[in-house]
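Written out as structure tokens, the structure is:
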């Protein structure tokens, strides 16, 4: 599940029924990160991996550390290479298989399960969830449950770290004929095709159902995804319900100041 990013398995769509098929297709995070996504998941690094690992290693100290939604080990493996013992939780077997194929991947203890409910016997100096993965839990209840689960797995002096996007209240939205917010965003455009992203946003549930659409000579491919946006202040309340409080909030892994213009946040919670 809930690997550290937002790519979703592609499915072919043919003809004029494409929009209807997508509208009726339920999102199941348990099956979304399959072999195809896992195979190409690391093709486009974000560029801040080294800074993230350095920050997490500092916070882990002597460890151990637990990564929720460890995915292919984009962060977990280099963190383990610093000497920190890293365990992981991941719902997608394909993502875990990809992790295992990397150098050092066999040495990590990874539990296949839902990060909101999995119970492990150990307690950790650091529990973390990065790359917007908390939003792959598409209800507030599930997110609250995940934060509480992270708190249960902390040592007394342990810390919980969340990296997440800051929702944009404007989001480029307009009202469609059903009174639902929507957006269309053009991506790559070239002589061999184009890619666009379309989405519909429910302000009540804070859920976005979106789809990356690739148009080319080979046809049409779609990558559907559902997310639930969570505000920093809302996350703070979730942490308080779990017995944690905000210790620090940065605009990035290098300790950049967090302000009104920050597109994301790295938040640190502890008891």
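Numbering (full-length UniProt numbering), first residue to last: 1 to 271.
C-beta: ideal position from N, C-alpha, C; glycine also.
Since the model is a prediction, treat every value here as computed from it, not as a measurement.
Boundaries (first-last residue) of the alpha helix (DSSP H) holding residue i
i: residue 35; result: 35-40
i: residue 77; result: 76-81
i: residue 54; result: 49-60
Status (buried if at least 16 other CB within 10 Å, exposed otherwise) for residue i
i: residue 103; result: exposed
i: residue 204; result: exposed
i: residue 57; result: buried
i: residue 45; result: exposed
i: residue 254; result: exposed
i: residue 38; result: buried
i: residue 188; result: exposed
i: residue 125; result: buried
i: residue 1; result: Low confidence applies to residue 1: its pLDDT is 45, below 50, so where it sits in the model is not reliable enough to give any reading.
i: residue 87; result: buried
i: residue 119; result: exposed
i: residue 8; result: The predicted model places residue 8 with a pLDDT of 31, which falls under 50 and marks its position as unreliable; any figure quoted below should be read in that light. Residue 8 should be labelled buried.
i: residue 24; result: Unreliable placement is indicated for residue 24, whose pLDDT of 35 sits below 50; no coordinate value is reported for it.
i: residue 272; result: Residue 272 cannot be examined here, being either before or after the span of the chain that is shown, 1 to 271.
i: residue 59; result: buried
i: residue 217; result: exposed
i: residue 192; result: exposed
i: residue 180; result: exposed
i: residue 152; result: exposed
i: residue 209; result: buried
i: residue 235; result: buried
i: residue 79; result: buried
Beta-carbon proximity of residue i to residue j, cut-off 9 Å
i: residue 99; j: residue 82; result: no
i: residue 267; j: residue 161; result: yes
i: residue 49; j: residue 69; result: no
i: residue 213; j: residue 233; result: no
i: residue 241; j: residue 129; result: no
i: residue 206; j: residue 183; result: no
i: residue 227; j: residue 132; result: yes
i: residue 138; j: residue 27; result: yes
i: residue 249; j: residue 258; result: yes
i: residue 41; j: residue 95; result: yes
i: residue 158; j: residue 271; result: yes
i: residue 32; j: residue 225; result: yes
Residue i, enclosing beta strand (DSSP E) - first and last residue
i: residue 246; result: 245-250
i: residue 266; result: 264-270
Anticipated Cβ contact below 8 Å, residue i with residue j, distance rounded
i: residue 163; j: residue 264; result: 7 Å
i: residue 108; j: residue 127; result: About 15 Å separates the two Cβ atoms, so there is no contact after all.
i: residue 211; j: residue 222; result: 5 Å
Enumerated in chain order, which unbroken segments of the alpha helix (DSSP H) with a length of 4 residues or greater are wholly contained in the UniProt domain "Methyltransferase" (66-158)? 76-81, 93-100, 140-152
Runs of beta strand (DSSP E) wholly within the region 184-234 (minimum 3 residues, chain order): 193-202, 207-216, 219-228
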